[in-house]
Each structure stands twice: as C-alpha cells, then as structure tokens.
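Student: Got a structure for you, questions after.
Protein chains: 2
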Amino acid sequence: MLSDVPIGEASRASGVKVATIRYYEQIGLISAPPRTEGNRRLYDRRDIERLLFIRHARDLGFEIDAIRTLLDLQDNPDQSCATADAIARARLSDVESRIAKLLSLKVELQRMLECTAHGRVDQCRVIEVLGHHEECMHPTH
Amino acid sequence: MLSDVPIGEASRASGVKVATIRYYEQIGLISAPPRTEGNRRLYDRRDIERLLFIRHARDLGFEIDAIRTLLDLQDNPDQSCATADAIARARLSDVESRIAKLLSLKVELQRMLECTAHGRVDQCRVIEVLGHHEECMHPTH
DNA sequence: CCTACATCCTCTAGCGACTAGAGGAGCAAG
DNA sequence: CTTGCTCCTCTAGTCGCTAGAGGATGTAGG
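If you're matching them up, the sequences are chains A and B in order.
Here the first sequence stands for residues 549 to 689, where the numbers follow my numbering.
Here the second sequence stands for residues 549 to 689, where the numbers follow my numbering.
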C-alpha cells in the first residue's frame, strides 16, 4: 500500500506540492522515479518517506543543500554523525540569532505603536520613528 | 552639506548599497534624481533621508510595497495615520508569529541534538528525528 | 598632457525555493 | 463518447537584491 502511486497521491501523502516534487526531481534532490506506459511518474513508499523527511527538514528551515547532505547521511548510516550534528547545530544557532533579532524588532515595533492618539500622520509615531532611525538602532533602549 | 552628492556618497551616508539605490529607482521606490552633464545621479539631503527611512524600514522587515505606502503617507501628512498603524501592526503580528514558530523550532532542534553518543549515523537522533516526523509536528511535546 | 585609478553608467543574469500558467495528453466514470 | 480530472513539459514570474561585463567619466599625480 502506497506503492506505485501517481504524483498527486504522493503529494497528498507527503504534504509536498505536486509542482514542488517535480522541482525536487529537477534539481536532483530526489531521483527520477519509474514511469508508466503513459509517461506518468510512479512513487513507492520509500519515495514518500523521503518526501516526508524533506518536508520536515524544510519546515525546520534547513536549506536544500543541507538536506542533500542529510539525505546522503541517511543513505549511508555507517558514517560518523558529526556532519549531521554540525548541520543541526548551525541551524540551531541560526534560529537562535533570528529569535534574538526578531525580539528586538518586536520591541521597536511596539514602541512605534505606542501612539494612542490615532490622529493624522504628522502626529504618528510609526512614520516618525521610521524617519528618526538614529535613536533606534543604538542599543541604548 | 550633503547636497548634490553622487551615488557613492549617498550610499555611504544612508547605508544603502549603490546597486540597491539604483534598484530602488528602477522599481520606482525613489524617484529619479537629476543628473550632471556627465550623466551622473545627484542626490540631496532629502533623498538621503528617504534612503535612511527605507533602510530602517527594511531593517524592521517591512516589505517594499509597505514601504511604498509608508513613504506616501510621509509625503501627505494630513491623512489619517490608520494605514501606517495597520501596516506596523501587521508587521508586529508577523514578527510575533515568527518568533513563536522559531521558538518551537528551537525546542525541536535542541531535542535533536540531545545525542551525547557521537557515534555513527544509525544511532544519531538528528537523522532519526527528521525521519520520524509524526512524533514531531504534533504539539504533544 | 598622459596615465592610473576610482567612480560612475547601463544592461543582463543569477540567487533560493518555489509557484503559476500555457498548452496538450492520458485516463476513469457515466 | 464525452466530461472532467489528473498528469505531462516548458517557460516565466516571485522577492529583494547582488554580481559582473563592458564602457564612460572624473580626479590626482608625474
């Protein structure tokens, strides 16, 4: 079951869009599956697991190139997992720095929106703060 | 002072790269400045302030289209600031949801890296967790 | 005046990771 | 046999730049 299914079903089963599956094949992230006589792609359970793996990794923000490496590691499980560790660790620190940056953006945006007098633009903090950047990018607040 | 300067100086003064300034002109985010006899662009203080405004807004993650609207509001300050407010509010909620997502990614990545036995790939949690997505996308952990 | 060298100009193509759409073929059900 | 869905390939567009080619202009020193 879930063997020799067409692309639409593989898409439904994996959560990866049809066009994206074809794109992954095109860039060589997945290999080209066999075809029916009518030239339609046929996927089996392993293919769908790969797609799920890819989707999960993409959801976690891994780049295609990193996923390429991770898939390769999955295929050759007798290697050291140092590479996989390094990739995940790099991703973690990326996520952490993004969080830090977004938190400071959040503070600044909230500050911008501290304008209870919803009047005209010339009294509005949003435009004002954007115009007076000097006072904002410094970590003095 | 800072009037009739060439693009390189406008770039240095605003922190927006030369190529990016030309790109902004091309897409109509800023208007085409006058030129010298030798066909070089000349920027004045107002232009540089616009570039700073844009840069600050970009740093805060506003999209070009949003910035277009914000610049327009800045030029017509007799309008209601509701639009500016809405844009900033939308940006804030975007930032907040990104933070939330990244925080849960962080947790999942940390869980992936809880593998102290740095052995071979077949014992490695990184690959394993990516392969067994079912247990991860559910909010049960 | 000549020569370096920096800066400027336009134009085109590339990035990442898809997404959308045109135009056509295959296939299952009624 | 026709309707309507899925599938095929191919191309171009998205966003916000960035890089590079190939050439013109401007400035400082010898």
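For each residue, glycine too, the CB sits at the ideal point set by N, CA and C.
All figures in this text were calculated on a predicted structure; none of them were measured in a lab.
For A/Glu557, which residues in chain B fall below 8 Å Cβ to Cβ?
Tutor: None at all; the shortest Cβ gap to chain B is about 18 Å.
Student: Quick one: what's got a C-beta closer than 7 Å to B/Ile596's C-beta in the same chain, skipping five residues either side?
Tutor: Cβ neighbours of B/Ile596 beyond the five flanking positions: Leu550, Ala558, Ala561, Ser562.
Student: Which whole-angstrom value describes the C-beta separation of B/Leu678 and A/Leu618, a residue pair presumed to lie in contact below a C-beta threshold of 8 Å?
Tutor: About 6 Å; that satisfies the 8 Å criterion.
Student: Would you call A/Ala634 buried or exposed, if buried means 16 or more other Cβ atoms sit within 10 Å of its Cβ?
Tutor: Exposed, by the Cβ-count rule.
Student: Contact check, B/Leu640 vs A/Leu657 under 8 Å by CB: the rounded distance?
Tutor: Indeed they touch by this definition, with Cβ atoms about 4 Å apart.
Student: When burial is assigned at 16 or more other CB atoms within 10 Å of the CB, is A/Ile555 buried or exposed?
Tutor: The residue in question, A/Ile555, is buried, as its Cβ has 16 or more Cβ neighbours within 10 Å.
Student: Helix, strand or coil for B/Asp628, going by three-state DSSP, please let me know.
Tutor: Here residue 628 of chain B is Ser; the residue named in the question, Asp, does not match the sequence. The answer is strand: DSSP assigns B/Ser628 an E or B state.
Student: Counting contacts by CB-CB distance shorter than 9 Å, is A/Pro625 in contact with chain B?
Tutor: So, interface residue.
Student: Which ranges would you report for the alpha helix (DSSP H) in the region 558-611 of chain A if only whole runs of at least 4 residues count?
Tutor: Counting whole runs of 4 or more residues, the region 558-611 of chain A contains the alpha helix (DSSP H) stretches 566-574, 593-607.
Student: When burial is assigned at 16 or more other CB atoms within 10 Å of the CB, is A/Val655 buried or exposed?
Tutor: Under this definition A/Val655 is an exposed residue.
Student: Here's a check: name, in chain order, each residue in its chain whose Cβ is nearer than 6 Å to the Cβ of A/Leu599, leaving out the five neighbours to either side.
Tutor: Hits under 6 Å: Ser562, Val564.
Student: Taking Cβ-Cβ distances below 8 Å as the criterion, which residues of the region 587-611 of chain A are in contact with chain B?
Tutor: Correct list: Glu597, Leu600, Phe601, Arg603, His604, Ala605, Asp607, Leu608, Gly609.
Student: Since I believe A/Ile675 is in contact with B/Ala632 (beta carbons under 8 Å), could you give me their beta-carbon distance rounded to a whole number of angstroms?
Tutor: Indeed, because the Cβ distance is near 6 Å, the residues count as touching under 8 Å.
Student: Please list, in chain order, the chain A residues whose beta carbon lies closer than 8 Å to that of B/Arg637.
Tutor: In chain order: Leu661.
Student: Quick check: is the beta carbon of A/Ile578 nearer than 9 Å to any beta carbon in chain B?
Tutor: Chain B, which has no Cβ nearer than 9 Å to the Cβ of A/Ile578, makes this no.
Student: Is the Cβ-Cβ distance between B/Asp607 and B/Asp552 less than 9 Å?
Tutor: Not closer than 9 Å, so no.
Student: Suppose you measure from the CA of A/Ile647 to the CA of A/Asp613; what does that come to, to the nearest Å?
Tutor: If I take the Cα positions, the gap works out to 23 Å.
Student: May I have the straight-line CA-CA distance separating B/Ala638 from B/Leu577, to the nearest angstrom?
Tutor: Going by the C-alpha atoms only, they are around 21 Å apart.
Student: Where does A/Gly679 sit, in a helix, a strand or coil, going by DSSP?
Tutor: If DSSP states are grouped into helix, strand and coil, A/Gly679 belongs with the helices.
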